[in-house]
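2 protein chains.
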Amino acid sequence: MSLVVVGSFGLDTVETPFGRREEVLGGSAVYFSLAASIFTEVKLAGNVGSDFPESAWRTLDSRRAVRTGIQIFEDKPTFRWSGRYEGDMNEAETLCTELNVLAEPPQVPADYRGAEFVFLANMGPDTQLKMLEELNGNTVFADTMNLWIDTQRENLVHLLSRLDGIVLNDAEARALTGESNLIRAGEALLRMGPRVAVVKKGEHGASLFERDFHFALPAYPTPQVVDPTGAGDSFAGGFLGSLAEMGEVNPANLRKAMAFGTVAASMTVERFSTEGLEKAAREQLERRYTELHDFVHFEA
Amino acid sequence: MSLVVVGSFGLDTVETPFGRREEVLGGSAVYFSLAASIFTEVKLAGNVGSDFPESAWRTLDSRRAVRTGIQIFEDKPTFRWSGRYEGDMNEAETLCTELNVLAEPPQVPADYRGAEFVFLANMGPDTQLKMLEELNGNTVFADTMNLWIDTQRENLVHLLSRLDGIVLNDAEARALTGESNLIRAGEALLRMGPRVAVVKKGEHGASLFERDFHFALPAYPTPQVVDPTGAGDSFAGGFLGSLAEMGEVNPANLRKAMAFGTVAASMTVERFSTEGLEKAAREQLERRYTELHDFVHFEA
Numbered sequence: 000m001s002l003v004v005v006g007s008f009g010l011d012t013v014e015t016p017f018g019r020r021e022e023v024l025g026g027s028a029v030y031f032s033l034a035a036s037i038f039t040e041v042k043l044a045g046n047v048g049s050d051f052p053e054s055a056w057r058t059l060d061s062r063r064a065v066r067t068g069i070q071i072f073e074d075k076p077t078f079r080w081s082g083r084y085e086g087d088m089n090e091a092e093t094l095c096t097e098l099n100v101l102a103e104p105p106q107v108p109a110d111y112r113g114a115e116f117v118f119l120a121n122m123g124p125d126t127q128l129k130m131l132e133e134l135n136g137n138t139v140f141a142d143t144m145n146l147w148i149d150t151q152r153e154n155l156v157h158l159l160s161r162l163d164g165i166v167l168n169d170a171e172a173r174a175l176t177g178e179s180n181l182i183r184a185g186e187a188l189l190r191m192g193p194r195v196a197v198v199k200k201g202e203h204g205a206s207l208f209e210r211d212f213h214f215a216l217p218a219y220p221t222p223q224v225v226d227p228t229g230a231g232d233s234f235a236g237g238f239l240g241s242l243a244e245m246g247e248v249n250p251a252n253l254r255k256a257m258a259f260g261t262v263a264a265s266m267t268v269e270r271f272s273t274e275g276l277e278k279a280a281r282e283q284l285e286r287r288y289t290e291l292h293d294f295v296h297f298e299a
Numbered sequence: 000m001s002l003v004v005v006g007s008f009g010l011d012t013v014e015t016p017f018g019r020r021e022e023v024l025g026g027s028a029v030y031f032s033l034a035a036s037i038f039t040e041v042k043l044a045g046n047v048g049s050d051f052p053e054s055a056w057r058t059l060d061s062r063r064a065v066r067t068g069i070q071i072f073e074d075k076p077t078f079r080w081s082g083r084y085e086g087d088m089n090e091a092e093t094l095c096t097e098l099n100v101l102a103e104p105p106q107v108p109a110d111y112r113g114a115e116f117v118f119l120a121n122m123g124p125d126t127q128l129k130m131l132e133e134l135n136g137n138t139v140f141a142d143t144m145n146l147w148i149d150t151q152r153e154n155l156v157h158l159l160s161r162l163d164g165i166v167l168n169d170a171e172a173r174a175l176t177g178e179s180n181l182i183r184a185g186e187a188l189l190r191m192g193p194r195v196a197v198v199k200k201g202e203h204g205a206s207l208f209e210r211d212f213h214f215a216l217p218a219y220p221t222p223q224v225v226d227p228t229g230a231g232d233s234f235a236g237g238f239l240g241s242l243a244e245m246g247e248v249n250p251a252n253l254r255k256a257m258a259f260g261t262v263a264a265s266m267t268v269e270r271f272s273t274e275g276l277e278k279a280a281r282e283q284l285e286r287r288y289t290e291l292h293d294f295v296h297f298e299a
């Protein structure tokens with residue numbers, strides 16, 4: 000089924016205990032679509048500058064990515080982010096953000112409208128609401144961040160009332176709902192509107208809340224986290240990409256999608272930038288899916 | 000199969016966002032044995048003062064607890080601990096510790112020796128080594144804490160080389176091994192000697208490492224954590240109690256034991272002190288075991 004992602008295409012400078020990389024491929028829509036396109040065709044929307052490297056499209060082009068929704072600005076540079084991870088690397092310290100082309104609203108081509116699945120990656124809830132209207136998708140998920148919880152809470156609450164699913168991390172879930180207990184936070188998110196709430200917990204895995212069931216998985220046991228940048232968007236890409244491939248949004252498929260999100264994220268964190276995800280083949284994700292199944296299996 | 004626990008019997012004063020309790024039942028061996036005795040007979044060893052409340056034995060006596068290893072000191076008070084939890088309640092702030100009777104070494108009766116399973120709850124590794132020698136158990140697990148990692152590392156390393164299993168929390172696993180990645184920390188623990196390493200992660204669940212397999216579970220999804228005191232010892236009690244009941248230490252049983260440890264801990268954190276665990280019946284643990292199985296289930 001058709002899947003559209005609206006989000007950022009960026010160049011990151013990142014420092015972790017394992018090294019430093021400058022001006023490498025990044026951005027929420029990039030990680031999302033690299034993961035999702037392993038499972039299904041992905042239609043991309045977002046803004047880049049003329050300095051966005053042509054080579055960046057190679058992997059996406061070789062998979063199933065449609066780029067008619069990419070706006071190239073000749074006079075503005077691509078979005079830049081730089082950050083640093085220390086210690087247990089569960090949180091990035093942002094050193095610098097240059098919005099550049101992200102100051103302009105994304106445009107969506109007419110043939111993106113009415114998509115079966117839509118992912119509105121992290122951006123202002125005002126822009127997400129506009130995209131939600133324009134795209135008129137069937138099943139719409141969105142991500143957010145603390146900045147918007149603090150500065151655009153009203154828009155975010157309005158957005159939530161119109162979403163099918165929200166994907167966010169544990170600190171954001173706590174901040175948005177005011178609940179320190181994550182189970183209560185998940186239930187509170189559902190009361191705000193969406194049918195599904197996915198709470199990402201970094202090295203501790205992820206939880207899914209739905210009216211009729213709760214589900215959780217630990218992270219795939221990767222012995223070396225080199226660069227956690229993009230793990231959450233890769234999770235969302237594996238989750239929604241596999242869900243779009245399966246088609247129907249039901250408990251069994253949501254559970255499987257959580258497992259595919261988990262293994263997609265594991266491919267990302269093992270290398271810098273998108274290196275791990277670019278190399279990831281379907282068979283590798285399927286193998287890790289089976290390993291993850293064994294990792295949590297105990298007799299009923 | 001026979002199970003012996005050596006540890007503390009105490010009176011706790013605890014403050015959480017849900018209230019304050021003074022001089023309530025606590026201690027590692029108390030939580031451990033309340034959980035383990037749901038599954039199997041537990042032989043207790045440890046020291047109490049004459050001020051240890053007689054009522055505290057009621058639940059243990061009604062289950063399967065042997066108390067010939069309890070030394071009662073007429074001239075010394077029972078061990079006291081007071082602490083406070085705030086925010087996400089994942090860590091206690093210790094306000095005061097009065098060792099009192101714990102300054103004396105525990106004694107083990109002759110008929111505790113050669114037990115099939117032994118749990119050496121958190122105490123100085125020097126004392127744990129002495130208990131390990133005296134008890135001469137078949138399968139010996141131990142807990143530890145940061146204090147001993149800092150002050151008795153050499154004894155602790157020696158203890159580890161003689162243990163079958165170590166049970167500790169994530170911060171302790173990181174501190175003891177110097178590995179910030181928990182998978183590497185788990186593998187490093189195995190290289191230090193034990194066949195099994197269980198890493199407890201509070202609200203994020205627990206992981207088990209064994210030479211031939213890794214296993215992990217999220218915490219049981221409890222919407223109200225009232226008092227996390229004793230959760231780790233309840234986990235250990237559910238884990239070793241069910242393992243002792245099953246008898247053989249093999250991968251399938253270790254996985255099931257992890258699930259029973261998880262649900263035992265969930266009973267503890269929902270109420271103050273031992274209130275939740277005292278009320279817990281076998282059927283309730285079995286029901287939560289089934290719910291936990293469903294909570295992590297996805298199609299292979």
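Those protein sequence lines, which keep their order, are chains A and B.
Letter 8 of the first sequence, counting from 1, is numbered 7 in numbering that gives the first Met the number 0, and no numbers are missing.
Letter 277 of the second sequence, counting from 1, is numbered 276 in numbering that gives the first Met the number 0, and no numbers are missing.
Quick reminder that beta carbons are idealized off the backbone N, C-alpha and C, glycines included.
Interface partners of residue i on chain A, CB under 7 Å
i, result
"residue 179 (chain B)", "86 and 87"
Residue environment, residue i, which counts as buried when at least 16 other CB atoms sit within 10 Å
i, result
"residue 221 (chain B)", "buried"
"residue 69 (chain A)", "buried"
"residue 251 (chain A)", "exposed"
"residue 58 (chain B)", "buried"
"residue 193 (chain B)", "buried"
"residue 61 (chain B)", "exposed"
"residue 109 (chain B)", "exposed"
"residue 287 (chain A)", "buried"
"residue 67 (chain A)", "exposed"
"residue 298 (chain B)", "exposed"
"residue 173 (chain B)", "buried"
"residue 256 (chain B)", "buried"
"residue 289 (chain B)", "exposed"
"residue 168 (chain A)", "buried"
"residue 280 (chain A)", "exposed"
"residue 37 (chain A)", "buried"
"residue 214 (chain B)", "buried"
"residue 127 (chain A)", "buried"
"residue 301 (chain A)", "There is simply no residue 301 (chain A) to check, as chain A begins at 0 and stops at 299 in what is shown."
Neighbouring residues, chain A, relative to residue i (Cβ below 9 Å)
i, result
"residue 223 (chain B)", "180, 182 and 183"
Chain B contact residues for residue i, given Cβ-Cβ distances below 8 Å
i, result
"residue 213 (chain A)", "220 and 294"
"residue 200 (chain A)", "203"
Contact set between residue i and chain B, taken where Cβ atoms lie within less than 9 Å
i, result
"residue 204 (chain A)", "203, 204, 215 and 217"
"residue 311 (chain A)", "With chain A covering 0 to 299 only, the question about residue 311 (chain A) has no answer from this structure."
6 Å CB neighbourhood of residue i in its chain, flanking five on each side removed
i, result
"residue 137 (chain A)", "115"
"residue 81 (chain B)", "12, 94 and 95"
"residue 14 (chain A)", "83"
"residue 267 (chain A)", "229, 230, 233, 275 and 276"
"residue 218 (chain B)", "202 and 204"
"residue 26 (chain B)", "7, 8 and 9"
"residue 212 (chain A)", "250"
"residue 264 (chain A)", "230, 233 and 234"
"residue 65 (chain B)", "42"
Amino acids of chain A, ordered along the chain, whose beta-carbon sits closer than 8 Å to that of residue i
i, result
"residue 230 (chain B)", "Neighbours of residue 230 (chain B) on chain A: none; closest Cβ ~14 Å, over 8 Å."
Closer than 7 Å to chain E by CB, residue i
i, result
"residue 28 (chain B)", "In the structure shown, chain E cannot be found, because the protein chains are A and B."
Cβ shell of residue i (< 8 Å), same chain only, five flanking positions each side left out
i, result
"residue 151 (chain B)", "123, 124 and 125"
"residue 19 (chain B)", "12 and 13"
Output needed in chain order: residues of the stretch 265-289 of chain A with a Cβ under 9 Å from some Cβ in chain B. 288 and 289
Tell me which residues of the stretch 248-262 of chain A have at least one Cβ-Cβ distance to chain B shorter than 8 Å, keeping chain order. 251, 254, 255, 257 and 258
Which parts of the stretch 52-90 of chain A are runs of the beta strand (DSSP E), unbroken and 3 residues or longer, counting only runs that do not cross its ends? 64-72 and 78-84
Note down, one range per segment and in chain order, each alpha helix (DSSP H) of at least 4 residues found wholly within the stretch 149-191 of chain B. 152-161, 169-176 and 181-190
Only counting runs of 4 or more residues, tell me where the alpha helix (DSSP H) segments fall wholly within the stretch 240-291 of chain A, in order along the chain. 250-268 and 274-278
As an exercise, report each continuous beta strand (DSSP E) stretch of at least 3 residues that is fully enclosed by the stretch 99-140 of chain A, in chain order. 116-119
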